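Engineer:
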Amino acid sequence: MLVSTAMTDALGKYLDLVSDEMKLTAGNVANIDTPGYRSLGIDFDAEFQQALAAGSGVLEAMAPFGEQGNGSIGSAKLKPKVKEVDGLTERPDGNNVSLDREGMQMADAQLKFKIGAAFLKRELAGISEAIHVDGK
Amino acid sequence: MNLFGVMNISASALQAERARAEVVASNMANAETTRTAEGGPYKRQQVVFETADAEAEQSFASQLMGGANGGPVKIGVNGSRQSFLHRNLMMGNDLDDSAQGVAVAAVVNDNGAPQKRYDPSHPDAGPDGYVEYPDINPLTEMVDLMGAQRSYGLNASAVQAEKSMIGTAIDLGRSTS
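Chain order of the listed sequences is A and B. At position 77 of the first sequence the residue is numbered 77 (the working numbering), and the sequence of numbers has no breaks. At position 176 of the second sequence the residue is numbered 1176 (the working numbering), and the sequence of numbers has no breaks.
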C-alpha cells in the first residue's frame, strides 16, 4: 500500500524543479560581478512535462531497494537540462546577468514554491484525514 | 535537491562582496599613505571574482562524508546501505557543475603611477621636493562600494527568499502531524 498519490508525486517533482530553478537563480545573482559569466536557466515547462511523463518515481525506486543499482528515490529523478539564457544584453566584461530577470525569477520561484507547498499540504491533510477516519 | 545548498551559493556571494567592500575601505583609509612595508606609497587594490563550487567544501553532506582521514565515513556494516545513504545525502548533486557560487580569485595591485604633490617639508619627499601619494580617486572607490553594497543586498534578499521556501517546506510537515 502506498500513502502517496499521483498528486503528491507530481507536486514533489514540481517542488524539486522549482528548487533547481532557485539554485540557478542564486548562482546567477552570486556571479553578478564575475567577468565572463553567462546566465544559466532551465525551460521550466518542458522539464516539468518530461518529469511527469517519466512516471511515478516511487514505485521504480522501491523495487530495487537494497540492491547496488539505483536504489534511492533521489536517483529516480530526472536531471533538468541547464542552458544559457538567450536574449540578454552582454556587458563589456562578458557578463550577461540581468538584475531584472533574476529578481523576477526569484519572486517567481518563491510563489511557485508556495503554491506547490499549499497544494501538497491539502493533499496530505486529505490523506491524514483518511487515516484517522475511524475516529481514533 | 537541497535548498540549503542554494543558501551556500548566496553565502559565497555575501562573503565575496564583503571582501570587495573591505578592499574599498582599505583603499579609502590609505589614500594618504606614503609608507608601506614594500616601500613607496600604498598601491590601490582591486578584487577579481571567479565562479567557484560553493558546495565543495562547505556542505554538510561533504563534511559528514569527508571523515577524519579524508575517506567516506562508514555508516552501518553493509556496503550497499552505506552507498544508499551516501546517495541520499548527496541528492543535491545534479546541478553542482552548472550552478556555482562566487569566490575572490585574487586581490591585485593597481600599478598606476603615483600622484606627486610638492611638499619639501614632508619626511618622505624626494630630492626634488615631491611626495608620492597613492593615486586614489574617492569617486571610483565610492562607486565600487555602492556596487558591493547593492550586490550584498541583492544576495541577502536571495537568502530571505530561500529562508521563506525552507520555512514553507517545514510548515508542510507541521500541519499533517
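C-beta atoms are modelled at their ideal positions from N, C-alpha and C, and glycine is treated no differently. Being a predicted model, the structure only gives us computed values, none of them experimental.
Name the chain A residues that come within less than 8 Å of Ile1009(B), Cβ to Cβ?
Structural biologist: Locating residue 1009(B) in the second sequence gives position 9, where the first residue counts as 1. By Cβ distance, chain A contributes Lys23, Ala26, Gly27, Ala30.
Engineer: Cβ closer than 8 Å: which chain A residues qualify as neighbours of Leu1003(B)?
Structural biologist: Translated into positions along the second sequence, residue 1003(B) becomes position 3. Against chain A, the beta carbon of Leu1003(B) has neighbours under 8 Å at Ser19, Met22, listed in chain order.
Engineer: Look at the alpha carbon of Asp20(A) and the alpha carbon of Leu1154(B), and state the distance between them as a whole number of angstroms.
Structural biologist: What you label residue 20(A) is simply residue 20 of the first sequence in a count that begins at 1. What you label residue 1154(B) is simply residue 154 of the second sequence in a count that begins at 1. Their Cα atoms are separated by approximately 19 Å.
Engineer: Taking the alpha-carbon positions, what's the Asp1144(B) to Ala1021(B) distance?
Structural biologist: Start at 1 with the first residue of the second sequence, and residue 1144(B) comes out as number 144. Start at 1 with the first residue of the second sequence, and residue 1021(B) comes out as number 21. The straight-line gap from Cα to Cα measures roughly 8 Å.
Engineer: Could you list which residues in chain B have their beta carbon closer than 7 Å to that of Thr34(A), in chain order?
Structural biologist: On the first sequence, position 34 is the one that residue 34(A) refers to. In chain order: Phe1049, Glu1050, Thr1051, Val1102.
Engineer: What does Ser1026(B) touch in chain A if you count any residue whose Cβ is under 8 Å from its own?
Structural biologist: Position 26 of the second sequence, counting from 1, holds the residue named residue 1026(B). Going along chain A, no residue has its Cβ under 8 Å from Ser1026(B), so there is no contact; the nearest lies around 18 Å.
Engineer: Within the 8 Å Cβ cut-off, does Gln49(A) reach chain B?
Structural biologist: If you number the first sequence from 1, residue 49(A) lands on position 49. For Gln49(A), no CB of chain B lies under 8 Å from its own CB, so it is not counted at the interface with that chain.
Engineer: Quick check on Thr1033(B) - is its C-beta less than 8 Å from some C-beta in chain A?
Structural biologist: As a first step, residue 1033(B) must be located in the second sequence, where it is residue number 33. Closer than 8 Å: no.
Engineer: On a CA-only basis, which of Met7(A), Glu90(A), Ile131(A) is nearest Phe119(A)? Give me that one, please.
Structural biologist: As a working mapping, residue 119(A) is identified with position 119 in the first sequence. Ranked by how close their Cα comes to the Cα of Phe119(A), the residues Met7(A), Glu90(A), Ile131(A) have Met7(A) in first place.
Engineer: Would the beta-carbon of Ala1169(B) fall within 8 Å of that of Leu1003(B)?
Structural biologist: Counting from 1 along the second sequence, the entry for residue 1169(B) is found at position 169. Counting from 1 along the second sequence, the entry for residue 1003(B) is found at position 3. The answer is yes: Cβ separation under 8 Å.
Engineer: Give a yes or no on whether the C-beta atoms belonging to Asn28(A) and Thr1051(B) are separated by under 8 Å.
Structural biologist: Counted from its first residue, the first sequence places residue 28(A) at position 28. Counted from its first residue, the second sequence places residue 1051(B) at position 51. No; because the gap between Cβ atoms is not below 8 Å, this pair is not in contact.
Engineer: DSSP three-state call for Tyr37(A): helix, strand or coil?
Structural biologist: Working through the first sequence from its first residue, we reach residue 37(A) at position 37. Coil, per DSSP.
Engineer: Using CA atoms only, rank isn't needed, just tell me which of Pro1041(B), Asp1128(B), Gln1115(B) is closest to Asp1135(B).
Structural biologist: Here residue 1135(B) refers to the residue found at position 135 of the second sequence. When each option's Cα is compared against that of Asp1135(B), the closest is Gln1115(B).
Engineer: On the premise that Ala109(A) lies in contact with Leu52(A), defined as a C-beta separation below 8 Å, what is that separation, rounded to the nearest angstrom?
Structural biologist: By 1-based counting over the first sequence, the position of residue 52(A) is 52. By 1-based counting over the first sequence, the position of residue 109(A) is 109. The pair is not a contact, with the Cβ atoms about 19 Å apart (cut-off 8 Å).
Engineer: Looking at the strands, I want to know which residues DSSP matches up with Gln1046(B).
Structural biologist: In the second sequence, residue 1046(B) corresponds to position 46, counting from 1. For Gln1046(B), which the question treats as bridged, DSSP gives the partners Val1108(B).
Engineer: When DSSP labels each residue in this structure, what does Arg1035(B) get in the three-state scheme?
Structural biologist: Here residue 1035(B) refers to the residue found at position 35 of the second sequence. If DSSP states are grouped into helix, strand and coil, Arg1035(B) belongs with coil.
Engineer: Is it buried or exposed for Thr34(A), if we count other Cβ within 10 angstroms and need 16 for buried?
Structural biologist: Residue 34(A) sits at position 34 when you count from the first residue of the first sequence. Thr34(A) is buried by the Cβ-count criterion.
Engineer: Would Leu15(A) and Ala117(A) qualify as a contact pair, given that the criterion is a beta-carbon distance under 8 Å?
Structural biologist: What you label residue 15(A) is simply residue 15 of the first sequence in a count that begins at 1. What you label residue 117(A) is simply residue 117 of the first sequence in a count that begins at 1. Contact flag set, yes.
Engineer: Mind listing the chain B neighbours of Lys13(A)? Cutoff is C-beta to C-beta under 8 Å, in chain order.
Structural biologist: Here residue 13(A) refers to the residue found at position 13 of the first sequence. Result: empty, since nearest Cβ-Cβ is about 11 Å, beyond 8 Å.
Engineer: List the residues of chain B that Ala117(A) touches, going by C-beta distances under 9 Å, in chain order.
Structural biologist: Translated into positions along the first sequence, residue 117(A) becomes position 117. Within 9 Å Cβ-Cβ: Met1165, Thr1168, Ala1169, Asp1171, Leu1172.
Engineer: For Gln110(A), go through chain B and note every residue whose CB falls closer than 8 Å to its CB, in chain order.
Structural biologist: Reading the first sequence from its first residue, position 110 is the one you call residue 110(A). Residues of chain B passing the Cβ test: Ala1161, Ser1164, Met1165.
Engineer: Listing by chain order, which chain A residues have their CB less than 8 Å from the CB of Val1006(B)?
Structural biologist: In the second sequence, counting from the first residue as 1, residue 1006(B) sits at position 6. Within 8 Å Cβ-Cβ: Ser19, Met22, Lys23, Ala26.
Engineer: Would you say the segment 1101-1108 of chain B touches the segment 1117-1132 of chain B, given that touching needs at least three Cβ pairs under 8 Å?
Structural biologist: no
Engineer: Can you tell me where the alpha helix (DSSP H) holding Arg1117(B) begins and where it ends?
Structural biologist: Taking the second sequence and counting its residues from 1, the one referred to as residue 1117(B) is at position 117. First-last for Arg1117(B): 1115-1118, but that is the beta strand (DSSP E), not the alpha helix (DSSP H).
Engineer: Apart from the five residues on each side of it in sequence, which residues of its chain come closer than 8 Å, Cβ to Cβ, to Lys1043(B)?
Structural biologist: One-based indexing of the second sequence puts residue 1043(B) at position 43. Excluding residues within five positions, the ones whose Cβ falls inside 8 Å are Thr1036, Asn1109, Asp1110, Asn1111, Pro1134.
Engineer: Within a Cβ cutoff of 7 Å, which residues of the same chain sit near Asn96(A), ignoring the five residues on either side of it in sequence?
Structural biologist: Here residue 96(A) refers to the residue found at position 96 when the first sequence is read from its first residue. Around Asn96(A): Arg38, Ser39, Leu88, Thr89, Glu90.
Engineer: Does DSSP put Val1102(B) in a helix, a strand or coil?
Structural biologist: On the second sequence, position 102 is the one that residue 1102(B) refers to. Three-state DSSP puts Val1102(B) in a strand.
Engineer: For Gln1155(B), return the contacting residues in chain A, with the cut-off set at a CB-CB distance below 7 Å.
Structural biologist: To locate residue 1155(B), count along the second sequence from 1; it is residue 155. It is worth fixing the name first, because residue 1155(B) is Asn in this sequence and not Gln. By Cβ distance, chain A contributes Val29, Ala30.
Engineer: Pull up the distance between the alpha-carbon of Gln49(A) and that of Gly12(A), whole angstroms please.
Structural biologist: Residue numbering aside, residue 49(A) sits at position 49 when the first sequence is read from its first letter. Residue numbering aside, residue 12(A) sits at position 12 when the first sequence is read from its first letter. One C-alpha to the other measures close to 13 Å.
Engineer: Going by C-alpha to C-alpha distance, which of Ala1025(B), Ile1009(B), Ala1016(B), Ala1019(B) sits closest to Glu1141(B)?
Structural biologist: Stepping through the second sequence from its first residue, residue 1141(B) is reached at position 141. In terms of Cα proximity to Glu1141(B), the closest of Ala1025(B), Ile1009(B), Ala1016(B), Ala1019(B) is Ala1025(B).
Engineer: DSSP on Val1131(B), reduced to helix/strand/coil?
Structural biologist: In the second sequence, residue 1131(B) corresponds to position 131, counting from 1. If DSSP states are grouped into helix, strand and coil, Val1131(B) belongs with the strands.
Engineer: Apart from the five residues on each side of it in sequence, which residues of its chain come closer than 6 Å, Cβ to Cβ, to Met1178(B)?
Structural biologist: For residue 1178(B) there is no data in the structure shown, the boundaries of chain B being 1001 and 1177.
Engineer: Would you say Asp1094(B) reaches chain A, if we count a Cβ-Cβ gap shorter than 8 Å as a contact?
Structural biologist: As a first step, residue 1094(B) is located in the second sequence; it is residue number 94 there, counting from the start. Reliability of the predicted coordinates at Asp1094(B) is poor, the pLDDT of 47 falling under 50, and the value obtained from them is presented with this limitation in mind. So, interface residue.
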